[in-house]
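**Q** The sequence shown begins at 6 in my numbering and counts up one residue at a time.
Can you read through this structure? Questions will come right after.
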Amino acid sequence: MYEERASSLDGAVVWRNEPGPGPGLPVLPDGCMDLMWSDGRLLVAGPDTRAHPSDGTGASYTGLRFAPGTAPAFFGVPAHELRDVRVELAGLWPAGRVRAMAARVTAAPDRAAALEAVALRYAADGPRPDPLLRAVVQRLDAGGTVAATADAVGLGARQLHRRSLDAFGYGPKTLARVLRLQRALTLVRAGTSHAEAALAAGCADQAHLAREMRDLTGLTLGRYAELAAGSASANRETPAPSGSSTIA
Numbered sequence: 006m007y008e009e010r011a012s013s014l015d016g017a018v019v020w021r022n023e024p025g026p027g028p029g030l031p032v033l034p035d036g037c038m039d040l041m042w043s044d045g046r047l048l049v050a051g052p053d054t055r056a057h058p059s060d061g062t063g064a065s066y067t068g069l070r071f072a073p074g075t076a077p078a079f080f081g082v083p084a085h086e087l088r089d090v091r092v093e094l095a096g097l098w099p100a101g102r103v104r105a106m107a108a109r110v111t112a113a114p115d116r117a118a119a120l121e122a123v124a125l126r127y128a129a130d131g132p133r134p135d136p137l138l139r140a141v142v143q144r145l146d147a148g149g150t151v152a153a154t155a156d157a158v159g160l161g162a163r164q165l166h167r168r169s170l171d172a173f174g175y176g177p178k179t180l181a182r183v184l185r186l187q188r189a190l191t192l193v194r195a196g197t198s199h200a201e202a203a204l205a206a207g208c209a210d211q212a213h214l215a216r217e218m219r220d221l222t223g224l225t226l227g228r229y230a231e232l233a234a235g236s237a238s239a240n241r242e243t244p245a246p247s248g249s250s251t252i253a
């Protein structure tokens, strides 16, 4: 069973995933990074460039999903260094601090609230996310081109690419494709046909959306629909959104 809610941390989402009888959904690229608790450990999920399969262990996860571009300021690590990997937070921060944080979350009756509180505390003392990067995400998510976005935020193409690697883990063109795919999948999950979702999200046609799905996830639209339907049927719950980090 997967559930999520908006966090008090600006732009973030608090989520929880409990194992169920159905197949686990793969995690699809969404431009985000996550801080996660599982089995007494604190983990970091870096930005994905491909579908990440469910771990299949039946473990419970509690997580905080940061808005695109905001996690590197929190973790103190450029996003491209964590691309497509899951690491222990203790590999990035002092081990003693992480042990204390993990113990607090583990002992809490509401682990999601405890994880959020821990993150809020450290975010308050850390550097603030760059507002320019938020503008980049907003413009690309609205369907703007990379060139127009660079002009709008006052950066050259090379500057935007370099800052995007640090903030998102990949360049602005890849981020634009990821955000467009997520827009389309959101519509599909709401019942919109593939053809209509493709056009509404900014793809040329359904075939374009199908190619993007294969290129960015390794899955077909039909296969993902099968996995989502199987998960929903087995758990009698709405399946996890494509980008949620239900992984190890």
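Ideal Cβ positions, reconstructed from N, Cα and C, are used throughout, including at glycine.
Nothing here was measured: the structure is a model prediction, and the numbers come from that model.
1) Alpha carbon to alpha carbon, how far is G45 from V92?
2) Looking at A119: is its Cβ nearer than 8 Å to the Cβ of A128?
3) Taking the runs of the beta strand (DSSP E) that are 3 residues or longer, which of them lie wholly in the stretch 121 to 155?
4) Identify every residue that forms a DSSP beta bridge with E9.
5) Output the residue ranges of the alpha helix (DSSP H) runs that lie fully inside the stretch 164 to 207 and measure 4 residues or longer, sorted by chain position.
6) Where does L214 sit, in a helix, a strand or coil, going by DSSP?
7) Decide if the stretch 214 to 232 is in contact with the stretch 185 to 196; the criterion is three or more beta carbon pairs, one per stretch, under 8 Å apart.
8) Where do the ends of the beta strand (DSSP E) carrying A50 lie?
9) Beta-carbon within less than 7 Å of T75's beta-carbon, same chain only, minus the 5 sequence neighbours each way: which residues are those?
10) In whole angstroms, what separates the C-alpha of I252 from that of L186?
11) Mark L33 as exposed unless 16 or more other C-beta atoms lie within 10 angstroms of its C-beta, in which case mark it buried.
12) In three-state DSSP terms, what is T67?
13) Relative to the alpha-carbon of L85, which residue among A72, R126 and G36 has its alpha-carbon at the smallest distance?
14) In chain order, what residues of the same chain lie with their CB nearer than 8 Å to the CB of T111, ignoring the 5 residues before and after it?
15) Pop quiz: V158 and L137 are said to be a contact at Cβ under 8 Å. What is the actual Cβ separation, rounded to whole angstroms?
16) Hey, could you find the ends of the beta strand (DSSP E) R91 is sitting in?
17) Would you kindly report the start and end of the unbroken beta strand (DSSP E) that includes S43?
18) Am I right that P177 and T197 are in contact with their C-beta atoms under 8 Å? What's the rounded C-beta distance?
19) Which residues does DSSP list as the beta-bridge partners of V103?
20) Please return the same chain residues whose Cβ sits closer than 6 Å to the Cβ of E9, not counting the five positions on each side in sequence.
21) Does the separation of the CB atoms of L94 and L30 fall below 8 Å?
**A** Judging by the given coordinates:
1) 14 Å
2) no
3) none
4) W20
5) 177 to 194 and 199 to 206
6) In the structure shown, L214 sits in a helix (DSSP, three-state: H, G or I).
7) yes
8) For A50, the enclosing beta strand (DSSP E) has its first and last residue at R46 to A50.
9) G16 and P134
10) Residue placement at I252 is flagged as unreliable, the pLDDT there being 39, under the threshold of 50; the coordinate-derived value follows with that caveat. Each residue's CA atom was taken as its position, placing I252 and L186 some 20 Å apart.
11) buried
12) strand
13) Residue identity check: residue 85 is His in the sequence provided, not Leu. Nearest option by C-alpha distance: G36.
14) W42 and G45
15) 5 Å
16) R91 to E93
17) M38 to S43
18) Contact doesn't hold; Cβ gap of about 26 Å is too wide.
19) The partner list for V103 (beta bridge, DSSP) is empty, contrary to what the question assumes.
20) V18 and W20
21) no
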